[in-house]
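*Asks:* Have a look at this one before I ask anything.
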Amino acid sequence: MIGRNGAQRPDFAAIAQSVQRGANVLDLGCGDGTLLKFLQQTRGVTGYGVEIDDSNVLACVKNGVNVIQSDLERGLSEFEDNSFDFVVLSQTLQAMRNTERIMREMLRVGRAGIVTFPNFGYWKNRLQVLRGRMPVSETLPFEWFNTPNIHLCTVADFERFCAERGIRIVARTVLTGGRPLTALPNLLGELAVYHFGG
Amino acid sequence: MTPERKLRGFFMAASKTLHSTTSVGTVVPQTARFTDPLPLRSGAMLRDYELVYETYGVLNADSSNAVLVCHALNASHHVAGVYADDPENTGWWDNMIGPGKPLDTNRFFVIGVNNLGGCHGSTGPLSLNPDTGKLWGGDFPVVTVEDWVDAQARLADHLGISRFAAVMGGSLGAMQALAWTIRYPQRLQHSIVIACAPNLSAQNIAFNEVARQAIITDPDFNDGHYQALGTAPKRGLRVARMVGHITYLSDDEMANKFGRQLKNGKLNYTFDTEFQIESYLRHQGNKFADHFDANTYLRITKVLDYFDPALETGGDLTQALQKVAAGVLVISFTTDWRFSPERSREIVHALLDNRVRVTYAEIDAPHGHDAFLLDDPRYHRLVAAYFERVHQELAS
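For the protein sequence lines, the chains are U and E, in the order given. 621 is the number of the first residue of the first sequence in the numbering used here; add one for each residue after it. 12 is the number of the first residue of the second sequence in the numbering used here; add one for each residue after it.
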């Protein structure tokens, strides 16, 4: 969970759109549980969050969200195959050491996955790189020396990654300033939301 | 003092007042007598029996705010507060239970009970066998977690509690909290399972067997009928407790507390206590042997060894936990090598398979198995937050 605690985040509404009512959801890197709480309230979902950080686990309990304290890098061995309708990885993919493994694990325990990540190809990021600096923005709020983000990618990178591994993309929403857009997603999109299946 | 320091001092004092917690104060144990025979797992039957218990807080009008606290190996019904005639005798979980504490007695009606076979007043080896008119001693039946839970359910009936807001325990107490979810799924809303395991490992059983052999081979044991002879296998019980104590602490904790410190600053080349750890273990052993009954200790180690809810489902814990309806909070401690986090994860896994409302926290504490009795703030904050949730559920 990277910089996603507290209030509503722009990708929440897009995630909620993909999640059917009453679904069983696993939220990986669930932070303080805001997303699950939001999905419980708006979509009547059930499910669990997975979180490593002590203070976030506590916050989840306070938010009335069932949380399992665990390190995602160790895989999802607590969870059985196909035990969830959706497995969500919201703005955490870019901080995972083993990106491919977590994607496979999501499709093992869930019938579908939803991944959101900051699009490194967003023009403002590109501009900062052109100026010779690592990008710092609302979706990438860290400096190069303290960022947990070790696997940043662009929309184009992610789609190629999925295509090469036979991961089927069901839907894509690209957001800028919280608003969906359709044209030139890899250049104009700040935040990407992917709904995918096996 | 600079104004800044003064201000800081003021805020610290203020925050202390805000978070101030107190003891439940003076408490009085009570006794409930049961005359309905209790069938035990072993096939034996207890014709009638007594349970000694304490309560703190007030049972609300619809009897929905009761929390049962189950004790572990060597504890008792004296969970919180002190006795008027023994103000030093503080309850064993007093840091957890009281007004403003994680289990807040301003909100909940808390019950502590001495289990069957115990030596703190409930029917056990120190009681009279109604069939013979003599002390039970070594003839007292071997009991199990399930037997204890059945007896606790009858105590709940006696107190007019049809459903607990929560049943809570650590270690062997947690096994009871878990057994409640299986045996009486509709009679509790939440279960709080701390430093638990779904069954004991061979290593755990081995430690228990060393403890039992120390007691049984003590020449004063007399097949368990030592009390009638005016003796007690104190040497054996002492060794049993020493073995136990080693397993409750982590290696690091022992290194921090004692290291290779010497008691008198030099080696004497004798078998007297030379290292501090020896002195500590002997002290713990002596203290324990003076106030605990060896027959009870033997039985409680058996209670631990026998606990295995998946036994009836061919080793399938998921199936064993199929009927769980309660919300479950599972907590483990990273340095607990006796009931390791991996064992708690097995429970969590099985609960997840059954789509139980489960929350799992792994507290990074250095104290080993004993951590469940200590007041690590992360641990206590979590339990407090969970009980806040339980409280809100009751209110809604």
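Note that CB positions come from ideal geometry on N, CA and C, so glycine has one too. None of these values were measured; they are calculated from a predicted model.
Just to confirm my understanding: we take E/Asn-275, look at its own chain, exclude 5 residues before and 5 after, and list those with CB closer than 8 Å. What are they?
*Replies:* Glu-285
*Asks:* Smallest Cα separation from E/Asn-215: which of E/His-256, E/Arg-293, E/Ile-288 and E/Arg-118?
*Replies:* E/His-256
*Asks:* Should E/Arg-310 and E/Gly-149 be called a contact, given that it needs their Cβ atoms to be closer than 8 Å?
*Replies:* Not a contact, by the Cβ cut-off of 8 Å.
*Asks:* With DSSP as the reference, please indicate the residues paired to E/Tyr-64 in a beta bridge.
*Replies:* E/Gln-41 and E/Val-124
*Asks:* Taking only three categories from DSSP, how would you classify E/Tyr-237?
*Replies:* coil
*Asks:* Using 8 Å as the limit for Cβ to Cβ distance, is E/His-360 near chain U?
*Replies:* yes
*Asks:* What separation, rounded to the nearest whole angstrom, lies between the Cα atoms of E/Thr-143 and E/Leu-57?
*Replies:* Distance between E/Thr-143 and E/Leu-57, taken at the CA atoms: about 13 Å.
*Asks:* What residues in its chain sit with their C-beta under 8 Å from that of E/Gly-171, if we drop five residues either side in the sequence?
*Replies:* Leu-70 and Ser-74
*Asks:* Between the beta-carbon of E/Ala-337 and the beta-carbon of E/Ser-202, is there less than 8 Å?
*Replies:* yes
*Asks:* Which runs of the alpha helix (DSSP H), 4 residues or longer, sit entirely within the region 249-297 of chain E?
*Replies:* 262-268
*Asks:* Could you name the residues that DSSP lists as bridge partners for E/Asp-115?
*Replies:* E/Gly-109
*Asks:* Between E/Gln-163 and E/Val-124, which are expected to be in contact by the criterion C-beta below 8 Å, what is the C-beta distance as a whole number of angstroms?
*Replies:* 6 Å
*Asks:* May I ask you to report which of helix, strand or coil DSSP gives E/Leu-332?
*Replies:* The answer is coil: DSSP assigns E/Leu-332 none of H, G, I, E or B.
*Asks:* When you compare the CB positions of E/Glu-357 and E/Pro-209, do they come within less than 8 Å of one another, or not?
*Replies:* yes
*Asks:* Short of 7 Å in beta carbon distance, which residues of its chain neighbour E/Ala-86, apart from the five on each side in sequence? Order them along the chain.
*Replies:* Excluding positions up to five away in sequence, the list reads Trp-103.
*Asks:* Using a Cβ-Cβ cut-off of 6 Å (strictly less than) and excluding sequence neighbours within five positions of E/Arg-198, which residues of its own chain qualify?
*Replies:* Arg-174
*Asks:* Thinking C-alpha only, which one of E/Tyr-371, E/Asn-76, E/Tyr-390 and E/Pro-40 is nearest E/Gln-200?
*Replies:* E/Asn-76
*Asks:* Would the region 661-676 of chain U and the region 725-741 of chain U be scored as touching if the rule is three or more Cβ pairs under 8 Å?
*Replies:* Flag = no, the region 661-676 of chain U and the region 725-741 of chain U do not touch.
*Asks:* If you measure between the beta carbons of E/Ala-190 and E/Val-153, is that distance less than 8 Å?
*Replies:* no
*Asks:* Could you round the C-beta distance between E/Ala-372 and U/Val-677 to whole angstroms and report it? I think they count as a contact, below 8 Å.
*Replies:* 5 Å
*Asks:* Going by other Cβ atoms of all chains shown within 10 Å of its Cβ, with 16 needed for buried, is E/Glu-220 buried or exposed?
*Replies:* When all chains shown are included, E/Glu-220 counts as exposed.
*Asks:* With DSSP as the reference, identify every bridge partner of U/Thr-793, one or two as the case may be.
*Replies:* DSSP, once it has assigned bridges, lists U/Val-813 as partnering U/Thr-793.
*Asks:* For chain E, find out if any of its Cβ atoms is closer than 8 Å to the Cβ of U/Glu-784; answer yes or no.
*Replies:* no
*Asks:* Quick check: is the beta carbon of U/Phe-699 nearer than 8 Å to any beta carbon in chain E?
*Replies:* Interface annotation, U/Phe-699: in contact with chain E, CB-CB separation under 8 Å.
*Asks:* Please report the straight-line C-alpha distance between U/Glu-763 and E/Ala-376, rounded to a whole angstrom.
*Replies:* 32 Å
*Asks:* Say whether the region 257-271 of chain E touches the region 318-327 of chain E, bearing in mind that this needs 3 or more beta-carbon pairs closer than 8 Å, one atom from each stretch.
*Replies:* no
*Asks:* Is it buried or exposed, U/Leu-750, if we count other Cβ atoms within 10 angstroms and call 16 or more buried?
*Replies:* exposed
*Asks:* Quick check on DSSP: helix, strand or coil for E/Cys-81?
*Replies:* strand
*Asks:* Where DSSP assigns a beta bridge to E/Ser-343, which residues make up the other side?
*Replies:* DSSP lists E/Glu-373 as partners of E/Ser-343.
*Asks:* Using a Cβ-Cβ cut-off of less than 7 Å, list which residues of the region 363-377 of chain E approach chain U; keep chain order.
*Replies:* Leu-363, Asp-364, Arg-368, Val-369, Thr-370, Tyr-371, Ala-372 and Glu-373
*Asks:* Can you check DSSP and say which residues form a bridge with E/Ser-202?
*Replies:* Answer is E/Val-178 and E/Val-339.
*Asks:* Can you grab the Cα-Cα spacing for the pair U/Val-790 / U/Cys-773, in whole Å?
*Replies:* 19 Å
*Asks:* Starting from U/Glu-671, trace the beta strand (DSSP E) in both directions and tell me its first and last residue.
*Replies:* Annotation: the continuous beta strand (DSSP E) that includes U/Glu-671 extends over 666-671.
*Asks:* Quick one: grab the DSSP three-state call for E/Ile-227.
*Replies:* helix
*Asks:* Cβ of U/Leu-709 within 8 Å of Cβ of U/Gly-649?
*Replies:* Yes; because the gap between Cβ atoms is below 8 Å, this pair is in contact.
*Asks:* Just to confirm my understanding: we take E/Tyr-94, look at its own chain, exclude 5 residues before and 5 after, and list those with CB closer than 6 Å. What are they?
*Replies:* Asn-100
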